[in-house]
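Letter by letter, the sequence shown follows residues -17 to -1, 1 to 510 of mature numbering (1 follows the signal peptide of the UniProt record, and there is no 0). Comments concern the structure below.
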Amino acid sequence: MRLLLLLSLLLLAQLLAAQTPRRADILIRNGRLYDGTGNTWTLGDVAVRDGRIVAVGRLPADYPADTVLDAHGLAVAPGFIDVHTHIEDDEVRQPTADNFLYDGVTTVITGNCGSSRPDLRRYFRQLDSLHLSVNVASLVGQGTVRKAVLGRAQRQPTAAELARMEALVDSAMRAGAVGLSSGLIYIPGTYTRTPELVRLARVAGRYHGLYATHMRNESDSVRQAIQEALQVGREAGVAVQISHLKLGGQQNWGHTDELLRLIEAARQSGQPVTIDQYPYTASSTSLSTLLPDDVQADGRDSLRVRLARPATRRAVEEFLVQRLKRKGLRHFSYAVVAGFPPEPGYQGRSLEEINHLRRRPHTARAEAATILDLVLQYDAGMVFHGMSEPDVQNILRYPQNMVASDASIRVWQEGAPHPRGYGSNARVLGHYVRELHIITLEEAIRRMTSLPAQTFGFSDRGLLRPGFAADIVVFAPVTVADKSTFAQPHQYSVGMRYVLVNGRLTVREGQHTGQRAGQVLYGPGKQ
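Put into structure tokens, the structure is as follows:
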């Protein structure tokens, strides 16, 4: 009888212990929970322990926790995933990644536009030792791979060279890359033909990686560029991610419906294809992208030799003038310098203004000559104002579209960069959701969380679910806003009250705590 009583008491104790929750590290109370699926919000709490979400919903009033965060009136969502960044080099100088965190971003994907670290295994070890404040995943760059085998040569690879490139992609995928990226307006990616892309994308596909592409054209020939991207995906058997979809040039404005129909038709046929977008009417890249591809072959020394020939220089200047005329413009006022170390005073000025500073004639031909002089001196970072606001909004409405910054980790007050690096997510949440009602808040959060997690294979992120990594952002829907502008870019977004990265409180009451709990996120091919 006594033994039976002892067993009953033991069973009761075990039952009570099982029903008593273990103490949480952090408990987020009374928030509007946006779970990342696109469903409407619910009132509830989120408990976090050991870097993971352990409970979601209306939790008991006496739920034990070391730290309690009051989220009354605030949105609680999975941490945002920025699918298109270029953080290489800046992660060493600014490991706290403040610009991303104040924009709600907890994970970035780098290695885009065909440019990545050549040795990703070594790069991931470096990231592990740096301890960034955000998680990082990387694509392997097709341009980087091509350069390792062919340099900047304008020719097609031999069978042996193509096999070497395939081996490099294979190695990167086994190191943990999430896919292959291409940058087909950049040297040497621009010299790549479609069959070469298919061969390399097929290697990435063996490890369930995708093909992310900065397409060959984003203005006059954008339709053909989309068709090429879809062809690569079909023939390689991989998902396609079209980077920063846009439509440049006034002559092309108003035709984004055609582009979206091409993409949606592919999806309806069963082809997995998604896009991303930064919510601005200006792009940003290097000045040399204005030049013809052939004059840039084989490196800067060859470029100098070619432009030293008067006939070649005149031909390139004419090329630039005709390019301007196709845009319906008379001057290069749409192109603004973001960074030019040899002449810091040029930052924030248009090419038209710089030509004036150099006391040259106020003509497109003289401005073209100034462009060549600048390129030969230093390949400036540029901001190009070339899209229309209605087109930006139309692309934003497309359901399979993710928000991306196409930015680096910003170093405070350095240069005059594009504001997208400070405010892409906050701009969508504040301007396009709250003010213009282009999409709902639930839908915007889905585009920033579960859609990118699903697309890039992050199986334990992007949702507020027990067992998922505790990447969480708590923000004020009524005040969240981007502050960065083209005139004054170095301004952090506002409204992100708390940000957790792998369960560590990294932003508290809108201020970075100094925590650096980011991790490397590996692709499924990691060996």
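Built from N, CA and C at the ideal position, the CB exists for glycine as well. Bear in mind that the values here come from a model prediction, so they are computed numbers and not experimental data.
How far does the alpha helix (DSSP H) with Met148 in it reach, from first residue to last? 142 to 158
Counting along the chain, where does the beta strand (DSSP E) carrying Asn384 start and finish? Per DSSP, Asn384 is one residue of the beta strand (DSSP E) stretching across 384 to 386.
Which residues bound the beta strand (DSSP E) around Asn338? Per DSSP, Asn338 belongs to no beta strand (DSSP E); it is in the alpha helix (DSSP H), 334 to 340.
Helix, strand or coil for Asp454? Go by DSSP, reduced to three states. coil
Less than 8 Å between the CB atoms is what I'm expecting for Phe63 and Val375, so what's the real figure, rounded? Actually they do not touch by this definition, with Cβ atoms about 19 Å apart.
Where Asn118 falls: helix, strand or coil (DSSP): Asn118 falls in the strand class under three-state DSSP.
Nearest neighbour of Ala30, chosen from Ala390, Leu340, Arg448, Arg332 [CA to CA]: Nearest option by C-alpha distance: Arg448.
Nearest-angstrom Cβ-Cβ length linking Val416 and Ala427, presumed shorter than 8 Å: 5 Å
Whose C-beta lies closer than 6 Å to the C-beta of Gln77 among residues of the same chain, with five residues either side of it excluded? In its chain, beyond the 5 residues on either side, Ile392, Val394 have a beta carbon closer than 6 Å to the beta carbon of Gln77.
Between Ala60 and Tyr17, which are expected to be in contact by the criterion C-beta below 8 Å, what is the C-beta distance as a whole number of angstroms? Cβ atoms of Ala60 and Tyr17 come within 8 Å of each other, at about 4 Å.
Rounded to whole angstroms, what's the CA-CA distance from Leu312 to Glu335? Just pull it up for me. 12 Å
Sort out for me which residues DSSP pairs Asp65 with in a bridge. According to DSSP, which records beta bridges pairwise, Asp65 is partnered with Val91.
Classify Gln510: buried if its beta carbon has 16 or more other beta carbons within 10 angstroms, exposed otherwise. It counts as exposed.
Does the beta-carbon distance from Thr23 to Glu425 come in below 9 Å? yes
Close Cβ partners of Glu372 (< 8 Å) along its chain, the five nearest in sequence each way excluded: Here Glu372 has Thr264 as same chain residues with Cβ atoms under 8 Å from its own Cβ, once five neighbours each way along the sequence are excluded.
Once DSSP output is grouped into helix, strand and coil, what is the label at His473? The DSSP-derived three-state label of His473 is coil.
Contact check, Met385 vs Val66 under 8 Å by CB: the rounded distance? Right, their Cβ atoms sit about 5 Å apart.
For the beta strand (DSSP E) containing Asp102, name the first residue and the last one. For Asp102, there is no enclosing beta strand (DSSP E), as DSSP marks it with neither H nor E.
Cα separation between residue 519 and Ser252? Examination of residue 519 is not possible in this model, given that the chain is present from -17 through 510 alone.
Can you tell me the Cα-Cα spacing of Leu359 and Val37, whole angstroms? 57 Å
Could you tell me the distance, in whole angstroms, from the CA atom of Gly97 to the CA atom of Ala249? 23 Å
Would you kindly check if the distance between the Cβ of Pro171 and the Cβ of Gly126 is under 9 Å? yes
9 Å Cβ cutoff, Pro324 in contact with chain D: Looking for chain D here will not work: only one protein chain is present.
Would you list the residues sitting across from Met365 in a DSSP beta bridge? Thr268, Val320
Any contact between the segment 436 to 443 and the segment 293 to 311? By contact I mean 3 or more CB pairs, one from each, below 8 Å. no
Cβ atoms of Val256 and Val205: under 9 Å apart, would you say? no
Ala195 versus Ser164: straight-line alpha-carbon distance, rounded: 5 Å
Taking only the alpha-carbon atoms, compute the straight-line gap between Phe83 and Asp49 and give it to the nearest angstrom. Their Cα atoms are separated by approximately 27 Å.
Could you work out which residue in Gly497, Arg289, Ser266, Ala459 is closest to Pro402 when comparing CA atoms only? Ser266
Distance between beta carbons of His69 and Arg499, contact taken as under 8 Å: With 8 Å as the limit, Arg499 and His69 do not qualify as a contact, their Cβ atoms being about 20 Å apart.
Out of Thr175, Gly406, Gln234, which one is the CA nearest neighbour of Val88? Gly406
Three-state secondary structure assigned by DSSP to Tyr190: coil
Would DSSP call Gly40 helix, strand or coil? strand
If you check the beta carbons only, do Arg380 and Ile354 fall under 9 Å apart? no
Just curious, the beta strand (DSSP E) that Pro412 is in, first and last residue? Residue 412 is actually Leu in this sequence, not Pro. From DSSP, Leu412 is part of no beta strand (DSSP E); its letter is neither H nor E.
Chain-order list of residues whose beta-carbon lies under 7 Å from that of Asp153 (same chain, five-residue window excluded): Val186
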